[in-house]
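Line by line, the protein sequences give chains L and D. In this text, residue positions in the first sequence follow our numbering: the first is 1, and each later residue adds one. In this text, residue positions in the second sequence follow our numbering: the first is 1001, and each later residue adds one. A short write-up of the structure that comes next.
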Amino acid sequence: MEDDSRKEVILRTRDLSKKFGKRWAAKDLNLEVHRGDVFCFLGPNGAGKSTTIRMILTLLMPSAGSIEIFGLDLRKDRYAVLSRVCGIVEKPDFYLYLSAYKNLEMLGSMTCRVQKEEIMEALNVVGLTSRAFEKVKTFSHGMKQRLGIAQALLTKPELIILDEPTMGLDPQGMKEVRGLIKELASEKKMTIFLSSHLLSEVELVATRMAVINRGELIAQGSVSELLDKEPMEYSIQVSPLDSAVRLLEKLPWVEVLAAEDSKIELRVEPGHASRLNRFLVSNQIEVLSFYPHRTLEDFFLKITEGTSEI
Amino acid sequence: MKLFWFETYKIFSRWRTYISFGFIALIVIMTEVVMKLSANEILYRMMRSFQKDFLIFGNVLNGWFITAFIMNSLHIHIPFFITLVAGDIVSNEATSGTVRLLLIRPPSRSKIITAKYLTTLFYTTGLVIFLGLICITLGFLLFGNGDLIMNYQTKLRIVFIPEAEVPLRMLLAFMAAVWSMTVVASLAFFFSTLAENSIGPIIGTMAVVIVFLVLGNFPFDFFRLLSPYLFTTYMVFWQRFFDQPIPWREIVRPAVILGLHSIGLFSIAFIVFNRKDIKS
């Protein structure tokens, strides 16, 4: 049952395009977000992520293509769709001269009737209860970001769209926001669509991803599926080194790149990482450390090679 | 209705909204106090042109006269106070980034822009009513009641309106003043939908009003020909309610022209806002 529900597409774009003057900011995008996904929309600055998100949230009118959310056409059923969606585009800007509470009350009431308890509950989830009645102009950027998530939670949306949710935050703030995103997906069963140019962020939170560059979709799929297509580089610390190198050189699915000071750099075919560890241990090689070099950054640079401007 | 309430709450939560009310109160209080102190001089100036021909009894320099006098003096200044809010109500959302927060909500752009426009009109009405109330209240306290005597020196005409008739005339004049100011508010509102900061719409509106007023008042034939095409020409039509009898024809035409201006400006603002791409 769960597999079926995970396959339900709740956001689908068909040939979605946006042209500014002569430049295509987004071109023929066909995205699919499944229920329960933490879907990360990845791309360098200026790739078209924000343009796409703005079209999905009706801030920009598409030049071509369509957007379907919950099976409804966004253009025709805007009210019904946006009642079940919430988003933060770029930075969460609030009415600075109003309190956090009043901001949430106003914005929440535009979607549905909200009770005081619900507002306080949303503020509690993001740890802002004690500042509820203070004006937002006294808030730090991180607090505003958390308030943004509180307003997203308030109307209990099924889909939350976040544009660069950790942008401008300090490491602690980034960690908190990532924690909240994971919590929303796992505990509140919300689908999250987030854009980021921070590659590490995707590895930390996403279940599925799409990569965009120069307005065009380059790849789309589950994070593991996309990453496992490529051989992965590892750095292992072993003892004794020479024996380990000799053994590894015999394996067809391993390529030793360098060996020095008990450390070996090697490339392993997809899906063989645990097998490699077992192989070394069973051959009396002590594995002191084992960590992957492969990062999303490598993946990203590889697939955008020649086109990326980062 | 909910959106209208939110918009009203927002504008009255900002201190800049109260600048207008504060300045109007200050100007009216200062003017009336100075007029009270210079009552004899004012009375002499008022009466000198017709005191040889008429024998006038009673309280000439009364609250009604003072109110009409201040209205006449402030019809150029009030638009500035209106633009402070009307020019800011949409553009400020772009400046502060809250437009993104607002437009991703279920209510349509049409509803949002209409609520903002109604709030602008509400503020405009409130400001003119505030001017009227403070003028009349203070005028009565300092100068008392009496018949209204209007001396139209340019037309070589004096109009006497009996005390009992003045409240209704004053009410109609203030309603007409609200109607006139609605055009200024609509112009500032329209500029506000085009801009992403409030300075442009405020300065733009004031520039249009001042330029139109100057052009409309130049004593040359060319500018006289131009005058009917400038909305500012019709903005003082509220003065006609102090004529005897009320020249309804001279009131209906400007009222219709100003109304069409307001509708036109709002319609363009409505279309612009609905088609606008939010890139900021």
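For each residue, glycine too, the CB sits at the ideal point set by N, CA and C. Keep in mind it's a predicted model, so treat the numbers as computed, not measured.
Cross-chain neighbours of residue 193 of chain L in chain A, by beta carbon under 8 Å: Here chain A cannot be found, since the structure's protein chains are L and D.
Distance cut-off 7 Å: residue 1207 of chain D Cβ against heavy atoms of the ligand NAP: No copy of the ligand NAP appears in this structure; indeed no ligand is present at all.
For the structure I just gave you, are there three or more beta carbon pairs, one from the segment 1079 to 1093 of chain D and one from the segment 60 to 75 of chain L, closer than 8 Å? The segment 1079 to 1093 of chain D vs the segment 60 to 75 of chain L: no contact.
Contacting positions in the segment 53 to 66 of chain L - beta carbon closer than 8 Å to chain D: Within the segment 53 to 66 of chain L, 54, 57, 58, 59, 60 and 61 place their CB atoms closer than 8 Å to a CB of chain D, listed in sequence order.
Starting from residue 1107 of chain D, find everything on chain L with Cβ-Cβ shorter than 8 Å and list it in chain order. Result: 79 and 110.
6 Å Cβ shell around residue 1266 of chain D - same chain, five flanking residues per side excluded: Closer than 6 Å at Cβ, skipping near neighbours: 1117 and 1186.
What does residue 1098 of chain D reach in chain L if we use C-beta pairs closer than 8 Å? Below the 8 Å Cβ cutoff, chain L contributes 93, 94 and 95 as neighbours of residue 1098 of chain D, in chain order.
My guess is that residue 207 of chain L and residue 38 of chain L are in contact by the Cβ rule of under 8 Å, so how many angstroms apart are they, rounded? Their Cβ separation, rounded to whole angstroms, is 5 Å, which keeps residue 207 of chain L and residue 38 of chain L in contact under 8 Å.
Distance check for residue 233 of chain L and residue 8 of chain L, CA to CA, integer angstroms please. Taking the straight line joining both Cα atoms gives about 35 Å.
Cutting at 6 Å between CB atoms, please list the residues of its own chain near residue 54 of chain L, excluding the five before and the five after it. Cβ within range, chain order: 60.
Does residue 163 of chain L pass the burial test, meaning 16 or more other C-beta atoms within 10 Å, or should it be called exposed? When all chains shown are included, residue 163 of chain L counts as buried.
Which partner residues of residue 233 of chain L appear in the DSSP bridge assignment? Answer by DSSP bridge pairing, in chain order: L:267.
Taking Cβ positions, are residue 42 of chain L and residue 209 of chain L nearer each other than 8 Å? For residue 42 of chain L and residue 209 of chain L, yes; Cβs fall inside 8 Å.
Report buried or exposed for residue 1015 of chain D, applying the criterion of at least 16 other Cβ atoms within 10 angstroms of its Cβ. Counting Cβ neighbours within 10 Å, residue 1015 of chain D comes out exposed, since fewer than 16 surround it.
Is there at least one Cβ from chain D nearer than 8 Å to residue 136 of chain L's Cβ? At a cut-off of 8 Å between beta-carbon atoms, residue 136 of chain L makes no contact with chain D.
Note down, in chain order, each residue of its chain lying with its Cβ closer than 6 Å to the Cβ of residue 1060 of chain D, except the 5 sequence neighbours on either side. Spatial neighbours of residue 1060 of chain D in its own chain (CB-CB distance under 6 Å, excluding positions within 5 residues in sequence) are listed in chain order as 1149.
Please list the partners that residue 1010 of chain D has in chain L, where partner means a Cβ-to-Cβ separation under 9 Å. Residues of chain L with a Cβ closer than 9 Å to the Cβ of residue 1010 of chain D are, in chain order, 95, 97, 98 and 106.
Consult DSSP for residue 112 of chain L and reduce its assignment to one of helix, strand or coil. Residue 112 of chain L: coil per DSSP, three-state reduction.
Is the CB of residue 1101 of chain D under 8 Å away from at least one CB in chain L? For residue 1101 of chain D, the nearest beta carbon of chain L is closer than 8 Å to its own beta carbon.
What is the rounded straight-line gap between the Cα of residue 1079 of chain D and the Cα of residue 149 of chain L? Rounded to the nearest whole angstrom, the CA to CA distance from residue 1079 of chain D to residue 149 of chain L is 41 Å.
For chain L, find out if any of its Cβ atoms is closer than 8 Å to the Cβ of residue 1104 of chain D; answer yes or no. Taking Cβ atoms only, chain L reaches closer than 8 Å to residue 1104 of chain D, which makes this a yes.
Against residue 1002 of chain D, what residues of chain L qualify as contacts under a CB-to-CB distance less than 8 Å, listed in chain order? Residues of chain L passing the Cβ test: 109 and 110.
Determine the closest residue to residue 1104 of chain D out of L:80, L:115, L:58 and L:193, with distance taken between C-alpha atoms. The candidate whose alpha carbon is nearest that of residue 1104 of chain D is L:58.
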